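One structure is given here, and the rest of the page talks about it.
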Amino acid sequence: MLIKQYTAEDKALWDNFVLSSKNGTFLFCRDFMEYHSDRFKDHSLMFYSKDKLIAILPANISDDIFYSHQGLTYGGLVLSHHIKTDDILNIFSLLTAYLKNIGIKSFYYKAIPHIYHNYPAEEDLYALFRNGASLSSRTVSSTIELANKQPYGQSRKKQVKKASGFKLQILENSSLDGFWHVLDENLRIRYNAKPVHSLAEIQYLKSKFPDNIKLFTVSENTEIIAGSLIFETNSVAHIQYISANERGKQIGALDLLFDTLINRYFSDKRYFDFGISTENGGLYLNSGLIFQKEGFGARAIVYDTYLIDIK
Numbered sequence: 002m003l004i005k006q007y008t009a010e011d012k013a014l015w016d017n018f019v020l021s022s023k024n025g026t027f028l029f030c031r032d033f034m035e036y037h038s039d040r041f042k043d044h045s046l047m048f049y050s051k052d053k054l055i056a057i058l059p060a061n062i063s064d065d066i067f068y069s070h071q072g073l074t075y076g077g078l079v080l081s082h083h084i085k086t087d088d089i090l091n092i093f094s095l096l097t098a099y100l101k102n103i104g105i106k107s108f109y110y111k112a113i114p115h116i117y118h119n120y121p122a123e124e125d126l127y128a129l130f131r132n133g134a135s136l137s138s139r140t141v142s143s144t145i146e147l148a149n150k151q152p153y154g155q156s157r158k159k160q161v162k163k164a165s166g167f168k169l170q171i172l173e174n175s176s177l178d179g180f181w182h183v184l185d186e187n188l189r190i191r192y193n194a195k196p197v198h199s200l201a202e203i204q205y206l207k208s209k210f211p212d213n214i215k216l217f218t219v220s221e222n223t224e225i226i227a228g229s230l231i232f233e234t235n236s237v238a239h240i241q242y243i244s245a246n247e248r249g250k251q252i253g254a255l256d257l258l259f260d261t262l263i264n265r266y267f268s269d270k271r272y273f274d275f276g277i278s279t280e281n282g283g284l285y286l287n288s289g290l291i292f293q294k295e296g297f298g299a300r301a302i303v304y305d306t307y308l309i310d311i312k
């Protein structure tokens, strides 16, 4: 078994491996990873056995710390369907020796939540345990298993019914501009913050992944009053951004939108994921935010980050 650092010449091989893997998503394709390449010193790795690529690791380095990529929400080892548990143990042995050799002191590993797996792929969690990894952070996301939906809470039922009484149009929208204005204003007024992605960045990503990045908006008299940007994978519809203006909030536009996404647009998916409701690495839970999500019948899955000290 050998390890190789990714180079631009490997792009086609890397992307094809992601698409055929048992736990890869479009977030690991190079066009997605590299939209913010100026912010991270990429040090992605490729693992071979008998000249065959069996695993890849999206990663970056900062000082003497190695991260499974900081620019991604999740992103541990992406695995071939043929890989076995012993192979992953060998990969971790090879990897920790490699990291020590290049002067790395700490390794932060973001496990890929099981809802994104196309086939069982938790061999890495066992290898982390065997390598003495400690849990560094655990954030809580709220997810609906769509084939086994739980009933809505009374508050959500009331809001959906309320919004249904207005003449609202819900549709997939190819233009991001109107929604981004709502999102920008909302974040500025409430949190004095900006979206993680600029409008130009998200337009670029949507142009590269039109089947995976989709915007749904709620309009009243042609004015966008609410919307949600979805990252869609094989098994998951994940809410990346949501926002509503004051009118949208008053009439429950987001509740009606979520109901429509869950029961119409993404009813054939396995999971509908609302995203995290925690801050500070999971140490703070936003109770009001998670109350709304759980009101739709969503329940907890976790996004974990582990730490290995390289000795």
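Whatever position you read off the sequence shown (first residue = 1), add 1 for the working numbering. Using N, Cα and C, we set each Cβ at its ideal position, and we do this for glycine too. Quick caveat, the model's predicted, so the values are computed rather than measured.
Is it buried or exposed for residue 136, if we count other Cβ within 10 angstroms and need 16 for buried?
For the purposes of this step, residue 136 is identified with residue 135 of the sequence shown, where counting begins at 1. Classification for residue 136: exposed.
Give the secondary structure of residue 194 by DSSP, where H, G and I count as helix, E and B as strand, and everything else as coil.
Locating residue 194 in the sequence shown gives position 193, where the first residue counts as 1. The answer is coil: DSSP assigns residue 194 none of H, G, I, E or B.
Rounded to the nearest angstrom, what separates residue 299 and residue 30 at their Cα positions?
Along the sequence shown, one-based indexing puts residue 299 at 298. Along the sequence shown, one-based indexing puts residue 30 at 29. Here the C-alpha atom of residue 299 lies approximately 29 Å from the C-alpha atom of residue 30.
Where does the unbroken beta strand (DSSP E) through residue 96 begin, and where does it stop?
Here the question's residue 96 lines up with position 95 in the sequence shown. From DSSP, residue 96 is part of no beta strand (DSSP E) but of the alpha helix (DSSP H) over 86–102.
By how many angstroms is the C-alpha of residue 179 removed from the C-alpha of residue 241?
In the sequence shown, residue 241 corresponds to position 240, counting from 1. In the sequence shown, residue 179 corresponds to position 178, counting from 1. Using only the alpha carbons, I get a separation of about 17 Å.
Hey, quick one: how far does the beta strand (DSSP E) through residue 12 stretch, first residue to last?
By one-based count along the sequence shown, residue 12 stands at place 11. Not the beta strand (DSSP E): residue 12 falls in the alpha helix (DSSP H), residues 12–21.
In three-state terms, what does DSSP make of residue 234?
For this step, residue 234 is matched to residue 233 along the sequence shown. Coil, per DSSP.
Are residue 244 and residue 187 touching if we call contact CB-CB under 8 Å?
The residue given as residue 244 occupies position 243 in the sequence shown. The residue given as residue 187 occupies position 186 in the sequence shown. Contact flag set, yes.
Suppose only complete runs of 4+ residues qualify. What are the alpha helix (DSSP H) ranges in the segment 142–190, listed by chain order?
Secondary structure within the segment 142–190: the alpha helix (DSSP H) runs of 4 or more consecutive residues, fully enclosed, are 155–165 (chain order).
For residue 210, which three-state DSSP category applies?
Within the sequence shown, the letter at position 209 stands for residue 210. Residue 210 falls in the coil class under three-state DSSP.
I'd like to check one pair, residue 69 with residue 304: are the Cβ atoms closer than 8 Å?
Residue 304 sits at position 303 when you count from the first residue of the sequence shown. Residue 69 sits at position 68 when you count from the first residue of the sequence shown. Result no, Cβ atoms of residue 304 and residue 69 do not sit closer than 8 Å.
Going by C-alpha to C-alpha distance, which of 201, 124, 61 and 190 sits closest to residue 246?
On the sequence shown, position 245 is the one that residue 246 refers to. With distances taken between Cα atoms, residue 246 lies closest to 190.
Between residue 105 and residue 66, how many whole angstroms is the CB-CB distance? I'm expecting something under 8 Å.
Position 104 of the sequence shown, counted from the start, is the residue given in the question as residue 105. Position 65 of the sequence shown, counted from the start, is the residue given in the question as residue 66. With 8 Å as the limit, residue 105 and residue 66 qualify as a contact, their Cβ atoms being about 7 Å apart.
Does the beta-carbon distance from residue 97 to residue 309 come in below 8 Å?
The residue you call residue 97 lines up with position 96 of the sequence shown. The residue you call residue 309 lines up with position 308 of the sequence shown. Contact: yes.
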